[in-house]
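Remarks on the structure that follows.
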Amino acid sequence: MELKLYDTLTREKRAFKPLDPGNVRMYVCGPTVYDFAHIGNARPVIVFDVLFRLLRHLYGADHVTYVRNITDVDDKINARAAEEYPNSPLNEAIRKVTEKTDKRFHEDVAALGCLPPTHEPRATEHIAEMKTLIERLIANGNAYVAEDNVLFSVRSMPDYGKLAKRSLDEMIAGARVEVAPYKRDPMDFILWKPSKSGEPAWPSPAGIKTPGRPGWHIECSAMSWKYLGEMFDIHGGGIDLVFPHHEDEIAQSRCAFHTPVMANYWMHNGFLQVEGAKMSKSEGNFVTIHELLKDWPGEVIRLAMLRTHYRQPIDWTIRGLEESAKALDAWYAFIGEVTPAEQPDQTFLESLCDDLNSPQAIARLHQMAHPPVAGLAMAGATMSGDRTGVEAQRYLKSSAMTVGLLWKTASQHQAASIAAASIDTVAVESLIAARNAARKEKNFSAADRIRGDLEKMGVVLKDTKDGTTWEIAR
Ligand code: AMP
Ligand code: ZN
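Residue numbering for the sequence shown follows numbering that gives the first Met the number 0, beginning at 0 and increasing consecutively.
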């Protein structure tokens, strides 16, 4: 099956051909660890986890290397550390902030069903590699020292701006940044800068005496080089990173190694907004993954994210979560406790291979869980596409599992839903017992009242010939 991916650099969907099928290599820009990750940050993590899983399926689990970095040196981290721990030395405060945030990030994304990447390198542990790159860029005539800074000279690279599809002159005209007097060109960007007093600092490269710290872009060039080599297959991140971050990564890596490309496919997820508005703390619509996980199982959040194609913008709504929860309830009810089939459904896989068309793949899951021929369903057959009975259930499970869904059993899903809805199961069971007693005594008004109380708790009753069962109201 042929995988096709949309490449931001060439602006076209192309057949994916890895440099080395024995080691498919992908790099995705990871979080800056200074605060709880928000639901927008979860988007690239989920989207590229789906691609990681798909590549593992197509090339073999041992033949894919996925690197996602952790940015643990940044002005936002310094500011947060000084604010949160005013009485600690800054270095210690920074360590506390990054350790805490890093731990929360990993808990959050694990709950969203994301596999750990092969490597998760931290910027502060790769300063030596960054300095090596910086020295090379200076030696190659692509970077210069000015007032204890090292800057990349954009004029030294003829096709700077190719990813963003903008010429240097257009960029300069559009730039609103204050231009530092030591820059040769307004678009030149920082590779290394002197640290202010108290800030994290390392011995500087290029004979600079003042201790300093790296710029943001150089960390990704250094860490992708270390773990994936001078050229690799896929580079990903949110659409906001195209310029300047990815443009500058390309400039650094290509000029350091004299390579025609840094990565062969550049993939960018669209932005996420909340209930129709840009997410911001001042708007009061800032949603952290951590907060969402208190009300929804991680799997519901994951499905809600994948209902939109990764390149489209997403409007994140409660309604989308409710619909996803309903779909998962139905699918789990359909599969019960079956073991997955050996392979996923072919049509499902074809959708994924078409530039990760997850909405189409999910439509196929719905189709697989619902018998398209009414007559057969009435005859009692469990039917899914061209499969029936247990086979249909097993293929739904194996297909969904390829994208990190339906990996639980039906009873585990129910337990997770009950926990997320904060339903007190002991209280529910005792109310059901009280209602059964009232019904036995033919006190139907009391029985109805109890049913109403349960509905207010978010519980729907189902009376069957074998007794009363209950489920979460959706
Ligand atoms: P940051 O920590 O801000 O560098 O962001 C980490 C990742 O999340 C980057 O790939 C961003 O492009 C992505 N990202 C941040 N905000 C959003 C959003 N609202 N929607 C989608 N992706 C986002
Ligand atoms: Zn990056």
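Every residue, glycine too, gets a C-beta built ideally from N, C-alpha and C.
> Which whole-angstrom value describes the C-beta separation of M222 and N68, a residue pair presumed to lie in contact below a C-beta threshold of 8 angstroms?
Replying inline: Within the sequence shown, numbered from 1, the residue matching residue 222 stands at position 223. Within the sequence shown, numbered from 1, the residue matching residue 68 stands at position 69. Rounded to whole angstroms, the Cβ separation of M222 and N68 is 5 angstroms, and the two are in contact under 8 angstroms.
>> Let me confirm a value: G211 is counted as buried when at least 16 other C-beta atoms fall within 10 Å, else exposed. Which label applies?
In response: Here residue 211 is taken as the residue at index 212 of the sequence shown, counted from 1. Looking at its Cβ environment, which holds 16 or more other Cβ atoms inside 10 Å, G211 is buried.
> Counting Cβ pairs, one atom from each stretch, are 3 or more of them under 8 angstroms apart for the segment 285 to 294 and the segment 245 to 264?
Replying inline: Contact fails: fewer than three Cβ-Cβ distances are below 8 angstroms.
>> For S444, count the other beta carbons within 10 Å of its own beta carbon; 16 or more makes it buried, fewer makes it exposed. Which is it?
In response: Along the sequence shown, one-based indexing puts residue 444 at 445. Under a 10 Å Cβ-count criterion, S444 is classified as exposed, with fewer than 16 other Cβ atoms of the shown protein chains found around its own Cβ.
> Can you pull the DSSP bridge partners for V108?
Replying inline: On the sequence shown, position 109 is the one that residue 108 refers to. Here V108 is not bridged, per DSSP, to any residue.
> Roughly how far, in whole angstroms, is the beta-carbon of N139 from the beta-carbon of A255, given that I think they are within contact range, below 8 angstroms?
Replying inline: Translated into positions along the sequence shown, residue 139 becomes position 140. Translated into positions along the sequence shown, residue 255 becomes position 256. Contact between N139 and A255 holds: their C-beta atoms lie close to 7 angstroms from each other, under 8 angstroms.
>> Ignoring anything shorter than 3 residues, give me the beta strand (DSSP E) runs that lie fully in the segment 178 to 252, in order along the chain.
In response: If we require 3 residues or more, the beta strand (DSSP E) runs fully inside the segment 178 to 252 come out as 188 to 193, 211 to 213, 231 to 237.
> Can you tell me the Cα-Cα spacing of S203 and E83, whole angstroms?
Replying inline: For the purposes of this step, residue 203 is identified with residue 204 of the sequence shown, where counting begins at 1. For the purposes of this step, residue 83 is identified with residue 84 of the sequence shown, where counting begins at 1. Between S203 and E83, the C-alpha separation is close to 29 angstroms.
>> Let me check one thing: in DSSP terms, what residues is A127 bridge-paired to?
In response: Here the question's residue 127 lines up with position 128 in the sequence shown. None; A127 has no bridge partner.
>> Restricting to runs no shorter than 4 residues, where is the alpha helix (DSSP H) found entirely within the segment 381 to 416?
In response: Uninterrupted alpha helix (DSSP H) stretches at least 4 residues long and entirely within the segment 381 to 416 occur at 388 to 401, given in chain order.
> What residue from P120, L162, A250, A179 has the CA that sits closest to K225's CA?
Replying inline: Here residue 225 corresponds to residue number 226 of the sequence shown, with the count starting at 1. The shortest C-alpha to C-alpha distance from K225 to any of P120, L162, A250, A179 is the one to P120.
>> Can you look up L57 in the DSSP assignment and give me helix, strand or coil?
In response: Locating residue 57 in the sequence shown gives position 58, counting from the first residue. In the structure shown, L57 sits in a helix (DSSP, three-state: H, G or I).
> Looking at the unbroken beta strand (DSSP E) that takes in F151, where does it start and where does it end?
Replying inline: The count along the sequence shown starts at 1 and reaches residue 151 at position 152. Per DSSP, F151 belongs to the beta strand (DSSP E) from 148 to 151.
>> Helix, strand or coil, according to DSSP, for V63 in the structure here?
In response: As a working note, residue 63 is residue 64 in the sequence shown. Strand at V63.
> Can C28 be considered in contact with the ligand AMP, in the sense that its beta carbon sits closer than 7 angstroms to one or more heavy atoms?
Replying inline: Stepping through the sequence shown from its first residue, residue 28 is reached at position 29. Checking the Cβ of C28 against the ligand AMP gives yes.
> Under the rule that 16 or more other beta-carbon atoms within 10 Å means buried, what is A376, buried or exposed?
Replying inline: Sequence index remark: in the sequence shown, residue 376 carries index 377 (1-based). The pLDDT assigned to A376 is 49, lower than 50, so where the model puts this residue is not dependable, and the model offers no usable value.
>> Measuring straight from C-alpha to C-alpha, what distance separates Y143 and L162?
In response: Reading the sequence shown from its first residue, position 144 is the one you call residue 143. Reading the sequence shown from its first residue, position 163 is the one you call residue 162. In this structure, the CA atom of Y143 is about 23 angstroms from the CA atom of L162.
> L18 to L8, Cα distance in whole Å?
Replying inline: As a first step, residue 18 is located in the sequence shown; it is residue number 19 there, counting from the start. As a first step, residue 8 is located in the sequence shown; it is residue number 9 there, counting from the start. If you take the alpha carbons of L18 and L8, they lie about 17 angstroms apart.
> Considering E440, what are the terminal residues of the beta strand (DSSP E) in which it resides?
Replying inline: Working through the sequence shown from its first residue, we reach residue 440 at position 441. For E440, there is no enclosing beta strand (DSSP E), since its DSSP letter is neither H nor E.
> Nearest to K130 by CA position, among W201, D353, L2, A109, is which residue?
Replying inline: Here residue 130 refers to the residue found at position 131 of the sequence shown. Of all alpha-carbon atoms in W201, D353, L2, A109, the one lying nearest the alpha-carbon of K130 is that of W201.
> In its own chain, which residues sit with a C-beta less than 8 angstroms from the C-beta of A378, not counting the 5 before and 5 after it?
Replying inline: As a working note, residue 378 is residue 379 in the sequence shown. Residue placement at A378 is flagged as unreliable, the pLDDT there being 49, under the threshold of 50; a coordinate-derived value is accordingly withheld.
> Heavy atom of the ligand AMP less than 7 angstroms from the Cβ of R103, yes or no?
Replying inline: Taking the first residue of the sequence shown as position 1, residue 103 is located at position 104. No.
> So, I449 versus A433, is the Cβ gap smaller than 8 angstroms?
Replying inline: By 1-based counting over the sequence shown, the position of residue 449 is 450. By 1-based counting over the sequence shown, the position of residue 433 is 434. Yes.
> Distance, Cα to Cα, V72 vs P199?
Replying inline: Counting from one through the sequence shown, the residue named residue 72 turns up at place 73. Counting from one through the sequence shown, the residue named residue 199 turns up at place 200. Between V72 and P199, the alpha-carbon positions lie close to 8 angstroms from each other.
>> According to DSSP, is N263 part of a helix, a strand, or is it coil?
In response: Within the sequence shown, the letter at position 264 stands for residue 263. Three-state DSSP puts N263 in a strand.
>> Suppose contacts are defined by Cβ-Cβ distances below 8 angstroms. Is G451 in contact with A472 by that definition?
In response: Mapped onto the sequence shown, residue 451 falls at position 452. Mapped onto the sequence shown, residue 472 falls at position 473. For G451 and A472, no; Cβs fall outside 8 angstroms.
>> Using C-beta distances below 6 angstroms, list every residue in its chain close to W295, excluding the 5 sequence neighbours before and after it, in chain order.
In response: Taking the first residue of the sequence shown as position 1, residue 295 is located at position 296. Cβ within range, chain order: L320, A419.
> Under the three-state reduction of DSSP, which class applies to D328: helix, strand or coil?
Replying inline: Numbered from 1 along the sequence shown, position 329 holds the residue referred to as residue 328. Correct three-state label for D328: helix.
> Among T401, S281, L305, which residue has its Cα nearest to the Cα of A340?
Replying inline: What you label residue 340 is simply residue 341 of the sequence shown in a count that begins at 1. Here the closest residue by C-alpha is T401.
> From which residue to which residue does the beta strand (DSSP E) around D294 run?
Replying inline: Your numbering for residue 294 matches position 295 in the sequence shown. Run containing D294: none in the beta strand (DSSP E); it sits in the alpha helix (DSSP H), 288 to 294.
> For P115, is the classification buried or exposed, using 16 other Cβ atoms within 10 angstroms of its Cβ as the cut-off for buried?
Replying inline: In the sequence shown, counting from the first residue as 1, residue 115 sits at position 116. With fewer than 16 other beta carbons inside 10 angstroms of its own, P115 counts as exposed.
> Taking Cβ positions, are V63 and Y26 nearer each other than 8 angstroms?
Replying inline: One-based indexing of the sequence shown puts residue 63 at position 64. One-based indexing of the sequence shown puts residue 26 at position 27. V63 places its beta carbon 8 angstroms or farther from that of Y26.
> Would you say the beta carbon of M186 comes nearer than 7 angstroms to a heavy atom of the ligand AMP?
Replying inline: One-based indexing of the sequence shown puts residue 186 at position 187. For M186, the CB stays at least 7 angstroms from every heavy atom of the ligand AMP.
> Is N86 near the ligand AMP, with its Cβ less than 7 angstroms from a heavy atom?
Replying inline: Counting from one through the sequence shown, the residue named residue 86 turns up at place 87. Not under cutoff, so the answer is no.
> Among the residues of its own chain, which have a CB less than 8 angstroms from the CB of K102, if the five just before and after it don't count?
Replying inline: Reading the sequence shown from its first residue, position 103 is the one you call residue 102. Taking K102 as the centre and dropping the five residues before and after it, the same chain places no C-beta closer than 8 angstroms to its C-beta.
>> Report the CB separation of M278 from H37 in whole angstroms; it is logged as a contact under 8 angstroms.
In response: Stepping through the sequence shown from its first residue, residue 278 is reached at position 279. Stepping through the sequence shown from its first residue, residue 37 is reached at position 38. With a Cβ gap of about 6 angstroms, M278 and H37 count as contacting.
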